[in-house]
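Report on the following structure.
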Amino acid sequence: MKIKIPATSANLGPGFDCLGLAIALYNEVTIKSSSYYSVSIKGEGEENIKLKKNNIFVSIFYDIYQELAGKKDPFRFEFENRIPFSRGLGSSSAVIVGAIASAYEMAGVKASRETILNKALIYESHPDNIAPAVYGGFTTSLVENNKVKTLKKELSDEIVCVMVIPDRSMSTAYSRTQLPKSFMMKNVIYNLSRASLLSAAFFSENWDFLRAASKDCMHEHRR
Numbered sequence: 002m003k004i005k006i007p008a009t010s011a012n013l014g015p016g017f018d019c020l021g022l023a024i025a026l027y028n029e030v031t032i033k034s035s036s037y038y039s040v041s042i043k044g045e046g047e048e049n050i051k052l053k054k055n056n057i058f059v060s061i062f063y064d065i066y067q068e069l070a071g072k073k074d075p076f077r078f079e080f081e082n083r084i085p086f087s088r089g090l091g092s093s094s095a096v097i098v099g100a101i102a103s104a105y106e107m108a109g110v111k112a113s114r115e116t117i118l119n120k121a122l123i124y125e126s127h128p129d130n131i132a133p134a135v136y137g138g139f140t141t142s143l144v145e146n147n148k149v150k151t152l153k154k155e156l157s158d159e160i161v162c163v164m165v166i167p168d169r170s171m172s173t174a175y176s177r178t179q180l181p182k183s184f185m186m187k188n189v190i191y192n193l194s195r196a197s198l199l200s201a202a203f204f205s206e207n208w209d210f211l212r213a214a215s216k217d218c219m220h221e222h223r224r
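For what it's worth, the numbering used here labels the leading residue of the sequence shown as 2, then goes sequentially.
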C-alpha cells in the first residue's frame, strides 16, 4: 500500500487555527506486510537514527491498527519525505493523517475523510493543518463538541504558492508560547474582518482581495 500526503500551509493571514491550504508537495509512505518490523527513510530525516527507532508515524499507525484489527502485525515502512520538518509546512499533520489513513487501509476497514479528520484531532488539537491534509484545497474549519466542521474549496491552477523555507526549525508548541494571553478589541475586529473576507475570496475566486485580506495583526509578527 502506498499513500501520498500533502504539505499544508495554515494560520493563513488572520485565520489563526482555522484556515489552511494544501500544497502540491508530498510525503509518500509505502507499507508492506513482512515477517519482521522495519523502517527505511529517504529524504528529510534519513540521517536521523531516532526517526527509525521512535517513529511517530509508526506509533500512531499501530495505535489505530491495533484498535481496529485487535493485533500488531509486523510491517515494513518505507518513507520518502519531501516536506521539511518544523518549517511551517504541516509536517506533523502529514504524519498524523497519513498514519491514520494507512492504519484503516491495512486493517481492511473503510473510513470516510470525516472519520480520518476527527481521529486526527486526537493527536493535533487544532484543525487548520489536518483539514487540508485530509481534504486538499483551501479549508476553513472549527471544532465543536470535539468534532471538526470544515468546508473545502478546490483551487484552480491560477493559484501558485511561493514558499520561503527558513534554515532553522521552530516547533508549533514553542511558537504558540510567543503569543499573548489576550488581545485588544480593535485587533480582534481587524483579524475577524480580514479572515471573513479571505475565506470569501477563496470560495468566490476573487483574487483581487487576497493581499488586503491576508493581513494579520495578532500572531504573524510574533512567530
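Where is the CB? At the ideal position from N, CA and C, for every residue including glycine.
Would you call residue i buried or exposed, if buried means 16 or more other Cβ atoms sit within 10 Å of its Cβ?
i      : result
Asn56  : buried
Arg195 : buried
Phe204 : exposed
Met107 : buried
Asn207 : exposed
Leu90  : buried
Ile32  : buried
Ala25  : exposed
Pro7   : buried
Val96  : buried
Asn146 : exposed
Lys72  : exposed
Ser94  : buried
Lys120 : buried
Who are the near neighbours of residue i in its chain, counting only those whose CB is closer than 7 Å to its CB and skipping five residues on each side?
i     : result
Ser92 : Ile84, Pro85, Phe86
Note down the Cα distance separating residue i from residue j, rounded to an integer number of angstroms.
i      : j      : result
Pro133 : Lys43  : 24 Å
Ser39  : Asp18  : 35 Å
Ala214 : Leu143 : 19 Å
Asp209 : Asp158 : 16 Å
Lys153 : Phe58  : 25 Å
Lys54  : Tyr191 : 46 Å
Met164 : Asn82  : 17 Å
Ser183 : Gly137 : 32 Å
Asn49  : Tyr63  : 21 Å
Cβ atoms of residue j and residue i: under 8 Å apart, would you say?
i      : j      : result
Tyr105 : Ile131 : no
Ile61  : Ala100 : yes
Ser35  : Phe76  : yes
Tyr37  : Lys5   : no
Phe80  : Val30  : yes
Lys110 : Leu52  : Lys is not the amino acid found at residue 110; the sequence shown has Val there. No. Outside cutoff.
Met2   : Ser103 : yes
Leu122 : Phe139 : no
Gly14  : Lys187 : no
Leu193 : Ala202 : no
Leaving out the 5 sequence neighbours to the left and right, which residues in its chain are closer than 6 Å to residue i when beta-carbon positions are compared?
i      : result
Ala11  : Gly21, Asp129, Asn130
Val135 : Val98, Arg114, Ile117, Leu118
Ala112 : Tyr105
Ser41  : Glu79
Gln67  : Lys73
Cys162 : Ile24
Thr151 : Ala132, Thr140, Ser142
Could you pull out every residue in the same chain whose Cβ sits closer than 8 Å to the Cβ of residue i, ignoring the five residues on either side in sequence?
i     : result
Gly16 : Asp129, Thr141, Ala196, Leu199, Ser200
Glu47 : Asn82
Margin query: At 4 residues or longer, what runs of the alpha helix (DSSP H) sit wholly inside the segment 57-104?
Written below: 57-70
Notebook entry, point to check: What alpha helix (DSSP H) runs, 4 residues minimum, are completely inside the segment 127-155?
Noted result: 131-136
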